[in-house]
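*Asks:* Pasting a structure here, questions to come.
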Amino acid sequence: MDDKISRRNLLKKTVAGVSTAAFLGTASKQGASWKGSPVVPDEEGIAPMGLHPAESSPIVPLTNTSDVYIPPRGNSFFKFSFDFPEPSVSFENFQFSFRVYTFENTYALDASLMTVESAPDGLHVRCKGFVWAGDQQKAPGTLEAHIVRNGSFVECQATAEMGRPIKSIAAILRGVPRGKVSVAGGNFFDPKDNELLFGYPFDGGSLFVAGGMDSPVLVIQSGEKDYFFLSTLLKEVRASRFYLQPGEKGYRVELTHEREGWAKSNRIETPVWRVGRADSVEAAYRPHFEHLEKAFAIPDWESRSDVPAWFREVALVVSLHGMHWTGYIFNDFAKSLKILEWVATQIPGKQVLVFLPAWDGRYYWNYPIYKPDPRLGGEQGFRTLIDKGHSMGFHFMPMFGMNAANKLLPEFNSFADATTEQIDGDTFNLNWVDWDNDRHNEGNGGYMNLGVPSWRNWLSARIADVISNYHADAYFLDIAGGWENNTKADMHEGTRLLVGGLRKKFPSVLICGEMPYDALMSFMPVFHVFSGGGYPPAMKKYVRAFQHLSLPAPGRGSSGVHESGFG
889 MDDKISRRNL LKKTVAGVST AAFLGTASKQ GASWKGSPVV PDEEGIAPMG
939 LHPAESSPIV PLTNTSDVYI PPRGNSFFKF SFDFPEPSVS FENFQFSFRV
989 YTFENTYALD ASLMTVESAP DGLHVRCKGF VWAGDQQKAP GTLEAHIVRN
1039 GSFVECQATA EMGRPIKSIA AILRGVPRGK VSVAGGNFFD PKDNELLFGY
1089 PFDGGSLFVA GGMDSPVLVI QSGEKDYFFL STLLKEVRAS RFYLQPGEKG
1139 YRVELTHERE GWAKSNRIET PVWRVGRADS VEAAYRPHFE HLEKAFAIPD
1189 WESRSDVPAW FREVALVVSL HGMHWTGYIF NDFAKSLKIL EWVATQIPGK
1239 QVLVFLPAWD GRYYWNYPIY KPDPRLGGEQ GFRTLIDKGH SMGFHFMPMF
1289 GMNAANKLLP EFNSFADATT EQIDGDTFNL NWVDWDNDRH NEGNGGYMNL
1339 GVPSWRNWLS ARIADVISNY HADAYFLDIA GGWENNTKAD MHEGTRLLVG
1389 GLRKKFPSVL ICGEMPYDAL MSFMPVFHVF SGGGYPPAMK KYVRAFQHLS
1439 LPAPGRGSSG VHESGFG
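In the working numbering, the protein residues as written are 889 to 1455.
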């Protein structure tokens, strides 16, 4: 492969707690000042911080280089090579600033046009203009932010307007401790002096740069029984990125909210950003997931109505790989049936779900025809496999690509309008695998958008045909967690409509997705990958999961139809 990561590593990033974060402890002793700053620093170079709502709240003249390692001491990401203003407001031992991103530049608050007023339990920040080019230029616009104490939390929400479309907005926070980090319930790890970038969902639009977050929440263990948490309280699936830049005492944190790419506007409103401390992992994570349960109507596992009774008896998933992208056959339908006859001697069939990747022929190449491949045994062989398997008690789940289609197939013209362009307009293809091993990734895969009716209708019809004609008990959606902000339509809403429509037709048929993100758990009860090693209830409270098809087989460790190969 070239410098892009493999899908196996992508899965590790997305689900194994590779998301992280933290928050800076104290204010800079080297606050920068710039033209028009309304605050005069004290003799140590910084205005007071950590004030309570009833006290005055001065503006601290910081920049992007305040309180961070310059140059970086570990792994790092792109950054401005000059001081960019970050006039900050102090509240409850934190410092808040903001950036606004249009489709053509980056804007900071104009400190000379900022006002800060006391409000019930917090502060009301107003700014009547922006600066750009490192404070060398000014631009019209407004920003309002509310920063409040809500019980044991500190919460922040902002709104900005300009005379041109706004792409995204970031809150910049200081006052965040360093320590071991867990993201979205993932395992805690020591980030050392590395800069950290994580995105929600599906890496938040930075697929091969950011680490993944199944939910926009992170926890930092800064000491024994001392946990710091930060979360974005979304009510809709939207791209969210967390960037952490270390300094001697803590992190400078950028929390970026990106608007939906299919609805441009000169105004942007953020979700609520929340921070706080707790004395346990449970207390740190639980408030975020309580919000999710309400925002996305996520049921507990025990009360789910979308789990067929037969699946609650399943104890084993057997993956029977069909045909590799190259055409190599691992198991045709006849061989698969023989394997199941042996499996039935080891465990009752009713306790087994049979997962069928590449039942439709060349893996990924044949997407999205979804018909039994003649070389594997054709329609009759597929029907015999399922019918005889059913007679032994087995349940069957064929695999479908939720967002994958071969652009070289003639069928592609039927839904060519459903390809994906990211919010900036750049084409987003399914092009990160070297299927033919010529050491160059293939470029024939379109990344399809279920929010577009043509693709959703095509895929729904193919799945319904397989369920109706062959009596499949479940269906699997590959790359289910691959939500991408784009210029056409909401992929999450399209997925919800697809699953809801199929469930109405086939209420006893199970839906399973590959990798999760939080909102998917409202209508997908089973996934192919489990996350939450640092906080298991992040998934286990709501859904179940089984091992990925790329798990090495006994013996030489073959990954079967999956591209990783061996090991």
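For each residue, glycine too, the CB sits at the ideal point set by N, CA and C.
1) Write down the C-beta distance between L1031 and A1046 rounded to the nearest angstrom, noting that I regard them as a contact closer than 8 Å.
2) Out of V1206, R1052, D1361, P1298, which has the shortest C-alpha to C-alpha gap to R1271?
3) From which residue to which residue does the beta strand (DSSP E) around H1034 run?
4) Between Y1131 and the rest of its own chain, which residues show a CB-CB distance below 6 Å, the 5 nearest in sequence each way excluded?
5) Could you round the C-beta distance between L1264 and G1313 to whole angstroms and report it? I think they count as a contact, below 8 Å.
6) Counting along the chain, where does the beta strand (DSSP E) carrying F1116 start and finish?
7) For S925, does the count of other Cβ atoms within 10 angstroms reach 16, so buried, or fall short, so exposed?
8) If we count Cβ pairs, one from each stretch, closer than 8 Å, do we get three or more for the stretch 1363 to 1382 versus the stretch 1322 to 1334?
9) May I ask you to report which of helix, strand or coil DSSP gives V1417?
10) Is F1282 helix, strand or coil by DSSP?
11) Taking only runs of the beta strand (DSSP E) that begin and end inside the stretch 960 to 1015, which ones reach a length of at least 3 residues, in chain order?
12) Looking at G1063: is its Cβ nearer than 8 Å to the Cβ of V1036?
13) Could you tell me which uninterrupted alpha helix (DSSP H) segments, each at least 4 residues in length, are contained entirely in the stretch 1153 to 1184, listed from first to last along the chain?
14) Whose C-alpha, out of S1056, H1278, N952, A1127, is nearest the C-alpha of W1497?
15) Measure the CB-CB distance between K1152 and P1053 and report whether it falls below 8 Å.
16) So, helix, strand or coil for I1108, using DSSP?
17) For the alpha helix (DSSP H) that contains Y837, what are its first and last residues?
18) Where does L1296 land, buried or exposed, given buried means 16+ other C-beta within 10 angstroms?
19) Along the chain, where does the alpha helix (DSSP H) containing V956 start, and where does it finish?
20) CB-CB under 8 Å to K1429, same chain, minus the five flanking residues each way: which ones, in chain order?
21) Looking at the unbroken alpha helix (DSSP H) that takes in H1380, where does it start and where does it end?
22) Does the beta-carbon distance from V1202 to F1243 come in below 8 Å?
23) Determine the DSSP secondary structure at N1301, reduced to helix, strand or coil.
24) So which of G1339, M1287, G1281 has the shortest CA-CA distance to E1309?
25) Please state whether DSSP places L1084 in a helix, a strand or coil.
*Replies:* Short version:
1) 6 Å
2) D1361
3) 1030 to 1038
4) L1085, E1142
5) With 8 Å as the limit, L1264 and G1313 do not qualify as a contact, their Cβ atoms being about 40 Å apart.
6) 1114 to 1121
7) Since pLDDT at S925 reaches only 32, below the 50 mark, its modelled position is unreliable, and no value is offered.
8) no
9) coil
10) coil
11) 973 to 979, 982 to 990, 994 to 997, 1002 to 1007, 1010 to 1015
12) no
13) 1169 to 1183
14) With the chain covering only 889 through 1455, there is no way to say anything about residue 1497.
15) yes
16) strand
17) In the structure displayed, the chain extends from 889 to 1455; residue 837 sits before or after that span and is not available.
18) exposed
19) No alpha helix (DSSP H) holds V956; DSSP gives it neither H nor E.
20) F1177, D1188, W1189
21) 1379 to 1393
22) no
23) helix
24) G1339
25) strand
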